[in-house]
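Residue numbers (our numbering): 741 to 1221.
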């Protein structure tokens, strides 16, 4: 059953990893771009208003200068003051004529239009005063109007500057708020994207990494498929197909090693069969020679001897057939001592004199095992130990239940020449062998490793050159009765 991870918004969309990454970055880009566009618009607005304020400041300066020369003219009647007043008034009108069309969309434009009208009226009043100065009637009334226009111009220009500066401050405040909001939204979006990326991308990849280490360790159990609907799920499905093929190849490798072992064991089996056959032949000859004069009890004894030797030969052949038969991997409660004794019996003819095989296995220790495959494990380990020992020597096989660790431990220890330290890390690799070319395939310990892993166990080796080797196998207690 596929494994499902927690769901997030839009997680129901069937997107592959590439699309998920693009969608995540596109979302962040849209959010950032939106806030950036609005912020840029605000900055442009501030820039225009700042330029407008500078224009308003210039206009106010022109008005103040015009009023200063106005007062000087009214006090002293100097033509220079009148000319300067006219010059600054004209500068103000020219500035207004240039600014109003360029800023027609700004809220301060109506004030500019009002200033333009006031400034035009102010200029006309100054012209009238210039023509009636000193002796014209109604001069006092015109001067009062002039002062009113001048005061109105100053007030309008100051109001315009203050108004636009307030607008700039409001925009800056809005921009600050927008930046804070964009920062908050970005943090929230990032906070949401991190678990999405972790769940939808990183965690499946870590799951794949973990399972590849498990497969590399020889554990060929199928991987639970992740319900991600992307490349991760397809990779895991591909891994499962690979595991299935590896499992088949492991079985083929095991069978190949069995056939290789059969070639090695053939001479020993022939020797073992030769003994009961010789005994049968001898008993038959004696019975034939003594048939006429032998009593019934003697004949029965000879026939019993023949039957015993027939059973002995049958057991040898049955053990060989059971060992070589191709069977599906199947765990069944099995007495460990019986499996080891059968393996020792099969290889006993290849154990030279002077090498003793010692068993220390409780009779009641049973495990859920695939007996033929575990038998192959002990055959390979015993065969390697025999090749490593110069008689006299000993091969000790010991097993016990470790209740504290909830596992069964099996050790195979020899007094041989040991394994060099630089080779310890490679001895379970396929086709690695320390023997001469043609003396071995290098498959034995690789097969052992695969069989132990298939039983959910582990195998390790401890050895020093010249001090023998000790293989330790551990099987979980769930498979121990």
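All C-beta atoms in this analysis are idealised placements derived from N, C-alpha and C, irrespective of residue type, glycine included.
Sequence-distant Cβ neighbours of residue 1075 in its own chain, meaning closer than 6 Å and more than five residues away, are 1106.
Out of 1208, 1091, 1143 and 765, the CA that lies nearest to the CA of residue 926 is found in 765. Less than 7 Å divides the Cβ of residue 1211 from the Cβ of residue 1121.
Distance from the Cα of residue 1108 is smallest, within the candidate group 807, 1137, 1197 and 792, for 1197. For residue 1158 against residue 1206, the beta-carbon gap comes to about 5 Å, under 8 Å, which counts as contact.
By the neighbour-count definition (other C-beta atoms within 10 Å, threshold 16), residue 1193 is a buried residue. Boundaries of the beta strand (DSSP E) around residue 1098: 1095-1100. Sixteen is the threshold: when 16 or more other Cβ atoms of the shown chains lie within 10 Å of the Cβ of residue 807, as they do, the residue is buried.
Setting aside the 5 residues that flank it on each side, residue 768 is surrounded in the same chain by 926, 929, 930 and 933, each with a C-beta closer than 8 Å to its C-beta; the list follows chain order. In this structure, DSSP gives residue 1210 an extended state, which the three-state scheme calls strand. With fewer than 16 other Cβ atoms inside 10 Å of its own Cβ, residue 819 counts as exposed. Excluding residues up to 5 positions away in sequence, 1099 lie with their Cβ nearer than 8 Å to the Cβ of residue 1081 in the same chain. Within the model, the alpha-carbon separation for residue 1028 versus residue 1045 is close to 14 Å. The straight-line gap separating the alpha-carbon atoms of residue 906 and residue 832 is approximately 23 Å. By the Cβ test, the region 1085-1104 is in contact with the region 1127-1144, since at least three Cβ pairs between them sit closer than 8 Å. Cβ atoms of residue 1083 and residue 1115 come within 8 Å of each other, at about 5 Å. The beta-carbon separation of residue 894 and residue 803, rounded to 6 Å, stays under the 8 Å limit for a contact.
In this structure, DSSP gives residue 1215 an extended state, which the three-state scheme calls strand.
Note: residue 1148 is bridge-paired with 1141 and 1215 in the DSSP secondary-structure output.
Sorting 835, 854 and 826 by C-alpha distance to the C-alpha of residue 864 places 826 at the top.
Burial state of residue 1035 is exposed, judged by a 10 Å Cβ sphere holding fewer than 16 other Cβ atoms. When the Cα atoms are used, residue 900 and residue 881 turn out to be separated by approximately 28 Å. The beta carbon of residue 789 is closer than 8 Å to those of 846, 904, 907, 908 and 911 in its chain, skipping five residues each way along the sequence. The C-alpha of residue 886 is placed about 11 Å away from the C-alpha of residue 867.
Nearest to residue 914 by alpha-carbon distance, out of 1203, 781, 1213 and 1204, is 781. Counting along the chain, residue 1107 sits inside the beta strand (DSSP E) bounded by residues 1106-1109. For residue 1137, the closest C-alpha among the options 1127, 1124, 982 and 1153 is that of 1153. The three-state reading of DSSP puts residue 1205 in coil, since its state is none of H, G, I, E or B.
With 16 or more other CB atoms across the displayed protein chains lying within 10 angstroms of its CB, residue 1195 is buried. Within 10 angstroms of the beta-carbon of residue 838 lie fewer than 16 other beta-carbons, which makes it exposed.
The C-beta separation of residue 848 from residue 792 comes to about 6 Å, placing the pair in contact by the 8 Å criterion. When rounded, the separation of the alpha-carbon atoms in residue 976 and residue 963 is 7 Å. Boundaries of the alpha helix (DSSP H) harbouring residue 839: 819-842, taken from the DSSP string. Remark: C-beta atoms of residue 1101 and residue 1086 do not approach each other more closely than 7 Å. Here residue 1154 carries a strand assignment [DSSP, helix/strand/coil].
Your pair residue 1050 and residue 1020 checks out as a contact, with CB atoms roughly 7 Å apart and the cut at 8 Å.
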